[in-house]
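Chemist: Below you will find the structure I want to go over with you.
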Amino acid sequence: MRFELVRERLRALPREMPAAPAILTPIRIDSPESLFPPRPMASIRQAAVLVLLFSDDCGEGRVLLTTRVSHLSSHAGEVSFPGGSAEPGDADPVATALRESAEEIGLDPNACGLQVIGALERFTIPVSGFRVTPVVALAERRPECRANADEVARIIEPPVEAFLPDAPVELEERTIRERLIRYGVYPVEGERVWGATARMPRPARGAPGDRAGAGDGARDRRAGVACCRARTAAGPPGDRRRPTRYRCVSRRPCP
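According to numbering that gives the first Met the number 0, numbering within the sequence shown proceeds without interruption in unit steps and concludes at 254.
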């Protein structure tokens, strides 16, 4: 997707964002119980991440992501947007996202011409207890970043089109805290993007009702979403048959 088109859609950031495909939402398949019990409000920690979009040398839109190092206490080894917990000195979520980005990847907002466009709706990650505000921004110039080795194993700059409705989605299973879960992932540059990170890059998908923006519903068959969602939902509790890495190929019907 051309960066100018990304910019155009972000300038008209709608109040109601298109829903992320249901296949990306992790579900528990070994028990009818909820994936993770809700946390007491007192234990929830405020956080913010930076969803930064920019143009590469060919004018294609890209998004900035990081792979977290494997020894962190939460979300170790996962792909995420730069960001983290709010600190008392942060004026707002924008300040949190920019401060954390500077710490993690050495992002200089002035050097890349960063402009904050707005924020997406906040959401809670039950497994880690973070209440996250995604801050959306554009960069006039490709950011020059360096990974903080204590927190970031790798910086990746996938194309925005890797997260559009036509992008391939694969199903995986894993055990987290003795719970067997199934979820959709985007395969991106040798990494597996899933969970909250996979569901966040929605502004570039278009406004609700847009052909490029419709994400949920049985009508969305462009990437086999409806078929795969049905398969995901059909697995009864205790079903350990593994459609691991089931691939939804763009614009082809699921077999």
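Using N, Cα and C, we set each Cβ at its ideal position, and we do this for glycine too. In this text, all values refer to a predicted model and were calculated from it rather than measured experimentally.
1) Can you tell me whether Phe-162 is buried or exposed, with buried defined as 16 or more other CB within 10 angstroms of its CB?
2) Taking DSSP as the reference, what is the three-state secondary structure of Asp-121?
3) Pop quiz: Val-48 and Pro-81 are said to be a contact at Cβ under 8 angstroms. What is the actual Cβ separation, rounded to whole angstroms?
4) Assuming Val-319 and Val-5 are in contact, meaning their beta carbons sit under 8 angstroms apart, how far apart are those beta carbons, in whole angstroms?
5) When you compare each of Gly-194, Tyr-182, Arg-140 and Arg-130 to Cys-57 by their alpha carbons, which one comes out closest?
6) Out of Val-50, Leu-137 and Asp-55, which one is the CA nearest neighbour of Glu-99?
7) Is DSSP giving Arg-153 helix, strand or coil here?
8) Does Pro-133 come out as helix, strand or coil in the three-state DSSP assignment?
9) Does the Cβ-Cβ distance between Gln-45 and Ala-85 come in under 7 angstroms?
10) Using CA coordinates, which residue listed in Met-199, Val-192 and Arg-198 is at the minimum distance from Val-78?
11) What would DSSP say about Thr-95, mapped onto helix, strand or coil?
12) I want to know whether the stretch 102 to 113 touches the stretch 22 to 34 - three or more CB-CB distances under 8 angstroms.
13) Distance, Cα to Cα, Gly-189 vs Ala-41?
14) Cβ of Phe-129 within 6 angstroms of any heavy atom in the ligand FMN?
15) Just the C-alpha distance for Val-62 and Ala-118, rounded to the nearest angstrom, thanks.
16) By the 10 Å Cβ neighbour count, where 16 or more other Cβ atoms means buried, how is Ala-197 classified, buried or exposed?
17) Is the Cβ-Cβ distance between Gly-60 and Phe-2 less than 7 angstroms?
18) Return the first residue and the last residue of the alpha helix (DSSP H) that Pro-39 is part of.
Modeler: This is what the structure holds:
1) Taking the sequence shown and counting its residues from 1, one reaches residue 162 at position 163. The residue is buried, with at least 16 neighbouring Cβ atoms inside 10 Å.
2) Numbered from its first residue, the sequence shown carries residue 121 at position 122. Note on residue identity: the sequence assigns Arg, not Asp, to residue 121. The three-state secondary structure of Arg-121, taken from DSSP, is coil.
3) Translated into positions along the sequence shown, residue 48 becomes position 49. Translated into positions along the sequence shown, residue 81 becomes position 82. With 8 angstroms as the limit, Val-48 and Pro-81 qualify as a contact, their Cβ atoms being about 7 angstroms apart.
4) There is no way to answer for residue 319, as the model of the chain reaches only from 0 to 254.
5) The residue labelled residue 57 in the question sits at position 58 within the sequence shown. Among Gly-194, Tyr-182, Arg-140 and Arg-130, the Cα nearest to that of Cys-57 is on Arg-140.
6) On the sequence shown, position 100 is the one that residue 99 refers to. Of the listed residues, the one whose Cα sits closest to Glu-99 is Val-50.
7) The count along the sequence shown starts at 1 and reaches residue 153 at position 154. Three-state result, Arg-153: strand.
8) Sequence index remark: in the sequence shown, residue 133 carries index 134 (1-based). Three-state result, Pro-133: strand.
9) Position 46 of the sequence shown, counted from the first residue, corresponds to residue 45. Position 86 of the sequence shown, counted from the first residue, corresponds to residue 85. Yes, they are a contact pair.
10) Reading the sequence shown from its first residue, position 79 is the one you call residue 78. Closest in C-alpha terms to Val-78, from the list Met-199, Val-192 and Arg-198, comes Val-192.
11) Position 96 of the sequence shown holds residue 95. Of the three classes helix, strand and coil, the one that applies to Thr-95 here is helix, per DSSP.
12) Touching, no, given that fewer than three Cβ pairs across the two stretches are closer than 8 angstroms.
13) Translated into the one-based positions of the sequence shown, residue 189 becomes position 190. Translated into the one-based positions of the sequence shown, residue 41 becomes position 42. The straight-line gap from Cα to Cα measures roughly 38 angstroms.
14) Ligands are entirely absent from the displayed structure, and the ligand FMN is therefore not among its contents.
15) Residue numbering aside, residue 62 sits at position 63 when the sequence shown is read from its first letter. Residue numbering aside, residue 118 sits at position 119 when the sequence shown is read from its first letter. Here the alpha carbon of Val-62 sits roughly 16 angstroms from the alpha carbon of Ala-118.
16) As a working mapping, residue 197 is identified with position 198 in the sequence shown. Label assigned to Ala-197: buried.
17) Translated into positions along the sequence shown, residue 60 becomes position 61. Translated into positions along the sequence shown, residue 2 becomes position 3. Less than 7 angstroms separates the beta-carbon of Gly-60 from that of Phe-2.
18) For the purposes of this step, residue 39 is taken as residue 40 along the sequence shown, with counting starting at 1. For Pro-39, there is no enclosing alpha helix (DSSP H), since its DSSP letter is neither H nor E.
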